[in-house]
Amino acid sequence: MHIMEGFLPWQWCVVWWLIALPCLMLGIWQLRKVINADREALPLLGVTGGFIFVLSSLKLPSVTGSCSHPTGTGLSAICFGPWITSVICAIVLLFQSLFLAHGGLSVLGANIVSMGIVGPLVGYAVYRLLKDTSVNIFLTVFLATALADMFTYVTTSLELALAYPAEVGGFASSFVMFMAIFAVTQLPLAIVEGIVLALVFKYIVALKPDILIRMKIFSEAQITAARGEA
Amino acid sequence: MAKNYTLEILAVVAILGFCAVFLYTSSTMTGAEFAGSDNVGSGLIAEFSGKDVESFTPLIPQWEPPSGEIESCLFALQAAIGGIFVGGVFGYWLGQRKGLSDAKVNQ
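Going down the list, the protein sequences come from chains X and D. Heads up: the first sequence runs through residues 1007 to 1236, numbered per the numbering used here. Heads up: the second sequence runs through residues 30 to 136, numbered per the numbering used here.
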């Protein structure tokens, strides 16, 4: 989902930076609050952040003759919300733009918006919608993580289509063509990512259920039920 | 506690299914070179803007890994950083649980 350095006109770079910066500041403020309130949240942050590092480094060939990488942001969005997730993503994306020439400093804002803000926001919204329903919590995690991944790529397509509308058909036809490249490749990867992260969540539930209950990520009854069936 | 491996089985099936579809499509597609979707996207940008891909130069000067091997190495490093955190914390939680149950036995 990286937009490469130099591929976005500077006006758009500024626009996406302006959107990204307040979200990052909110994230840093929330992060301090969460950690000051409960030191035991720190290991959970380590795990969810760790998965963003691992998954976003995997360039996988997908079924369309093109490679792409999962994002891993859904788990963190569920546990800490989208703003803290955007801070972790900013670190990963900074690493990739400084050392790997994936993305770049001017387009960092645009990449943070797609991977760190819109994707996690969608994942978080799905989680909030399904949280208090009778839907199995692992299914909730699957849907939230898979959709967070998908919408990261939808956002990238949107960002590119806004900057480069097609001559014929304008923004819409350009959006469809970028979607064809990014989203189709991403669909199978998003499904696999969702299942893998649901599995990871099962291990977190098995090992450290109390932190999930204390942070009110899921209710005690839901966690107990999940432990019973797991 | 009865063990239920539904999710593990699902994960294995999904990954195997993904590989099967991948092998099938890559055998039927000729000339697919598995370029990153980022690069394919950059090609489309060039098409829409009517400029060459080469004419897009970084707005902010950027260091590029000198070779594909070094790039792979740095990607692996990124995965390793994440892996250390994940493994470390799971180990910490496991140790915590064990410490708690040992403490109960000792009481």
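Just so you know, even glycine gets a beta-carbon here, dropped at the ideal spot from N, CA and C. Please read these numbers as outputs of a predicted model, since none were measured by experiment.
For a cut-off of 8 Å, the C-beta gap from X:F1013 to D:I38 is around 42 Å, too long to register as a contact.
By the beta-carbon neighbour count (other beta carbons within 10 angstroms, threshold 16), X:G1176 is exposed. A Cβ-Cβ distance of about 7 Å is found for the pair X:F1057 and X:L1203, placing them in contact under the 8 Å criterion. Cα atoms of X:L1030 and X:I1223: separation of roughly 22 Å, rounded to the nearest angstrom. Across the set X:L1195, X:V1119, X:W1089 and X:E1011, the C-alpha of X:V1119 shows the shortest separation from the C-alpha of X:E1165.
Taken through DSSP and simplified to helix, strand or coil, X:S1163 comes out as helix. Distance check between D:G97 and each of D:A105, D:P90 and D:S55 places D:A105 closest, using alpha-carbon atoms only. In this structure, D:P94 sits near X:L1106, with a CB-CB distance shorter than 8 Å. Beta-carbon to beta-carbon, X:L1149 and X:L1136 are separated by about 7 Å, close enough to satisfy the 8 Å threshold.
Setting aside the 5 residues that flank it on each side, X:I1009 is surrounded in the same chain by G1109, V1113, A1116, N1117, T1162, E1165 and L1166, each with a C-beta closer than 7 Å to its C-beta; the list follows chain order.
Judged by beta-carbon spacing, D:G65 lies within the 8 Å limit of X:S1072, meaning their Cβ atoms are closer than that value. Neighbours of X:L1205 in chain D, taken as residues whose beta carbon is under 9 Å from its own, are L36, E37, L39 and A40 in chain order. Beta-carbon to beta-carbon, X:V1124 and X:T1158 are separated by about 7 Å, close enough to satisfy the 8 Å threshold.
Between X:T1191 and chain D, the shortest Cβ-Cβ separation is below 8 Å. By the CB criterion at 8 Å, X:G1122 and X:T1146 fall outside the cutoff.
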